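Counting in my numbering, the sequence shown runs from 1 upward without gaps.
C-beta: ideal position from N, C-alpha, C; glycine also.
From a predicted model like this one, the values you see are computed outputs, not experimental measurements.
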Amino acid sequence: RVLFEIYEMLHSHPDIMTQSKLKYITRFKKTYEDGIFNLEDKYGVRRTLLVYLDSIDTYSMNILIYAFSISIDWEEWLRVKQDIIKRALLIIENSELELAIPKEEIILENLSSKKSPNSSKSYN
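This is how it looks when you write it as structure tokens:
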């Protein structure tokens, strides 16, 4: 269910390229010269949208998210990427799943509370 919700979120995201958005843009006669498309778009690479369970580790299930932003500007792409990650985290938080957070526990002994072997002896 989480994978489906992430896919739907990506498909409806205004800044992610999908087949339907590509058709919409091409209706308005945008061309390669306008900077929206390149050869990868022509052959269908950049409109691919994938969400799959990628692997299962000892403490996690890893999700593969493969999508492309409409913008070719790097700073805009970073903004879109951050937004996608935040939205995916919300979907996970609203499900029954939990994020795998690395945890390390260090136990320190309180040395002052331990009695030394000579502490019970009395010296007169």
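Residue i: which of the options sits nearest, CA to CA?
| i | options | result |
| --- | --- | --- |
| I16 | I72, Q82, A67, L108 | A67 |
| I101 | I6, T58, Q19, E5 | T58 |
| I6 | E98, Q82, E109, I92 | I92 |
Note down, in chain order, each residue of its chain lying with its Cβ closer than 7 Å to the Cβ of residue i, except the 5 sequence neighbours on either side.
| i | result |
| --- | --- |
| L53 | L3, M61, I63 |
| I107 | none |
| S55 | N62 |
Can you list, in chain order, the residues of its chain with a C-beta nearer than 6 Å to that of residue i? Leave out the 5 residues immediately preceding and following it.
| i | result |
| --- | --- |
| S95 | V2 |
| V80 | D15, S69 |
Could you tell me the alpha carbon to alpha carbon distance between residue i and residue j, rounded to whole angstroms?
| i | j | result |
| --- | --- | --- |
| K21 | L50 | 16 Å |
| D83 | N110 | 46 Å |
| E105 | E98 | 19 Å |
Could you check where the beta strand (DSSP E) with residue i kicks off and where it finishes?
| i | result |
| --- | --- |
| D83 | Taken as a continuous stretch (DSSP letters only), D83 belongs to no beta strand (DSSP E), being part of the alpha helix (DSSP H) at 74-93. |
| N62 | 61-66 |
How is the alpha helix (DSSP H) around residue i delimited, first residue to last?
| i | result |
| --- | --- |
| I6 | 2-12 |
Residues in its own chain within less than 8 Å of residue i by CB, not counting five upstream and five downstream?
| i | result |
| --- | --- |
| S71 | D15, W77, V80 |
>> Below 8 Å, how does it come out for the segment 86-96 and the segment 1-12: are there three or more Cβ pairs, yes or no?
In response: Under the three-pair Cβ rule at 8 Å, the segment 86-96 counts as touching the segment 1-12.
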